[in-house]
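Counted from 1, the sequence shown has number 332 at position 209 by our numbering; the numbering is strictly sequential. Quick reminder that beta carbons are idealized off the backbone N, C-alpha and C, glycines included. Single-structure report; data block below.
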Amino acid sequence: NPAFLPVYGQASKAAPLIRDGNKLYQEKKYNEAEVAYRKSLSVDKENKAGGYNLGNSLYKQGNYEGASRQYNDLIQRKDLSKEQKARSLHNLGNSLLQEKKYDESIDAFKQSLKLSPQDNDTRYNLAYAQSMLRQQQQQQQQQNKSGKDKQQQQQQQQQGKDQEKKDQQQQEQQSSAEKEQEKKNGQQQKASGKQGISKEDAEKILQALNN
C-alpha cells in the first residue's frame, strides 16, 4: 500500500491541513482526505507531503490516472530526498500497474530500486509487473494469430464462393450452348422435312410414270 511521507518543517503553514488529511486517510475517508490535501497545496503549493499524500488518496479511490500524474509531478522535483523519490516512484509503479501500463510500470519500479536496492516490496512488484507484461504479450500474439487465421479462413471461403460462381457461370454458358445447338438441330430437321417426300408419295409418282 502507498505509504505517507512525513510532514516537513518547511510546510508549516500546510501542516494542520496535512494532519487532518492523514487522520481522514487512516479512517479510510479518502475523498475527504483528498480535499484536505488539496487545501494544503493551495496554502503551500511547494509542500511535498501534501502532493505525495494527495497521490495516495487518489490511488485509494481508484483514480489511478490522477495518482500517476500526481506522482509524476512529484518525482520531477529536485528537492526530493533519495528516499522520497524512491517511494514516489514505487507508488507511481503501482498506479501504472493498475492502469495495465506494464512497460511504464516496470520502468518506474526499476528506477525506484536503483535508489533503494534493498526494498523487497518494490522488487516483488517489479517481478509481478514483468509477469503481467509477458501474459499481455502472449495474449496479443494469440489474438494476432487468431485474427490472421480468421482472415485466412475468410479468404478461403471467398475463393470457394468465387470458384462456385465461376463454375455456375460455366454451367450456365454450357447449358445455353446446348440449348442453342438443340434449337439449331431442330431447325435443320424442320428444313429437311420440307425438302423430302414420303415413301408413299414416291411410289405414287413411280406408278404414274409407268402408266
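Notebook entry, point to check: Where in the region 136-201 do unbroken runs of the alpha helix (DSSP H), each at least 4 residues long, occur, reported from the N-terminal end onward?
Noted result: You should have 138-149, 153-166, 171-183 and 187-198.
Quiz item: Are the region 172-180 and the region 206-219 touching, with three or more C-beta to C-beta distances below 8 Å?
Solution: These segments touch.
task = Take the Cβ of K224 as the centre, count every other Cβ of all protein chains shown within 10 Å, and call the residue buried at 16 or more, exposed below.
result = As a first step, residue 224 must be located in the sequence shown, where it is residue number 101. K224 is buried by the Cβ-count criterion.
- Message: Here's the rule: buried if 16 or more other CB atoms are within 10 angstroms of the residue's CB, otherwise exposed. What is E157?
- Response: By 1-based counting over the sequence shown, the position of residue 157 is 34. By the neighbour-count rule (16 or more Cβ atoms within 10 Å), E157 is buried.
Original post:
Rounded to a whole number of angstroms, what is the C-alpha to C-alpha distance between S163 and Q263?
Top reply: Taking the sequence shown and counting its residues from 1, the one referred to as residue 163 is at position 40. Taking the sequence shown and counting its residues from 1, the one referred to as residue 263 is at position 140. Whole-angstrom Cα-Cα distance: 44 Å.
Check your understanding: Under 7 Å, do K183 and Y160 count as touching if we go by C-beta distance?
Key -> Against the sequence shown, residue 183 aligns to sequence position 60. Against the sequence shown, residue 160 aligns to sequence position 37. At least 7 Å separates the beta-carbon of K183 from that of Y160.
Only counting the same chain, and skipping five residues up and downstream in sequence, which positions put a Cβ closer than 6 Å to that of E222?
Your numbering for residue 222 matches position 99 in the sequence shown. Within the same chain, E222 has close Cβ partners Y187.
Item to complete: Using the Cα positions of Q260 and L220, report the straight-line distance between them to the nearest angstrom.
Response: Translated into the one-based positions of the sequence shown, residue 260 becomes position 137. Translated into the one-based positions of the sequence shown, residue 220 becomes position 97. So the alpha carbons of these two residues sit roughly 15 Å apart.
**Where S239 sits in the DSSP three-state scheme** = On the sequence shown, residue 239 is found 116 positions in, with the first residue counted as 1. DSSP places S239 in coil when its eight states are reduced to three.
*asked:* Within 10 Å of its beta-carbon, does N243 have 16 or more other beta-carbons around it, so buried, or fewer, so exposed?
replied: Residue mapping note: residue 243 aligns to position 120 of the sequence shown, counting from 1. Result: exposed.
- prompt: If you draw a straight line from the C-alpha of Q286 to the C-alpha of S269, how long is it?
  reply: Counted from its first residue, the sequence shown places residue 286 at position 163. Counted from its first residue, the sequence shown places residue 269 at position 146. Each residue's alpha carbon lies about 25 Å from the other.
**Endpoints, the alpha helix (DSSP H) within which E222 is located** = In the sequence shown, the residue the question calls residue 222 occupies position 99. Per DSSP, E222 belongs to no alpha helix (DSSP H) and is neither H nor E.
Distance, Cα to Cα, Q275 vs P240? Numbered from its first residue, the sequence shown carries residue 275 at position 152. Numbered from its first residue, the sequence shown carries residue 240 at position 117. Computed Cα separation, rounded: 50 Å.
Quick one: Cα of S228 to Cα of P139, how far? Position 105 of the sequence shown holds residue 228. Position 16 of the sequence shown holds residue 139. Rounded to whole angstroms, S228 and P139 show a C-alpha spacing of 33 Å.
**Asked** Would you report the Cα separation of K233 and A190, rounded to the nearest angstrom?
**Response** Counting from 1 along the sequence shown, the entry for residue 233 is found at position 110. Counting from 1 along the sequence shown, the entry for residue 190 is found at position 67. Their Cα atoms are separated by approximately 19 Å.
Item to check | Backbone CA spacing between L238 and L203 [nearest angstrom] | outcome: By 1-based counting over the sequence shown, the position of residue 238 is 115. By 1-based counting over the sequence shown, the position of residue 203 is 80. Straight through space, the alpha carbons of L203 and L238 are spaced by roughly 12 Å.
Less than 6 Å between C-beta atoms, sequence neighbours within five positions excluded: which residues of the same chain meet that for M255?
Start at 1 with the first residue of the sequence shown, and residue 255 comes out as number 132. Counting only Cβ-Cβ distances below 6 Å, and skipping sequence neighbours, we find Y225.
query: In three-state terms, what does DSSP make of E203?
result: Residue 203 sits at position 80 when you count from the first residue of the sequence shown. Residue identity differs from the one stated: residue 203 is Leu in this sequence, not Glu. It is coil, neither helix nor strand.
Below 8 Å on the Cβ atoms is my guess for K171 versus Q207; work out the distance and round it to an integer in Å. What you label residue 171 is simply residue 48 of the sequence shown in a count that begins at 1. What you label residue 207 is simply residue 84 of the sequence shown in a count that begins at 1. About 7 Å separates the two Cβ atoms, so the contact holds.
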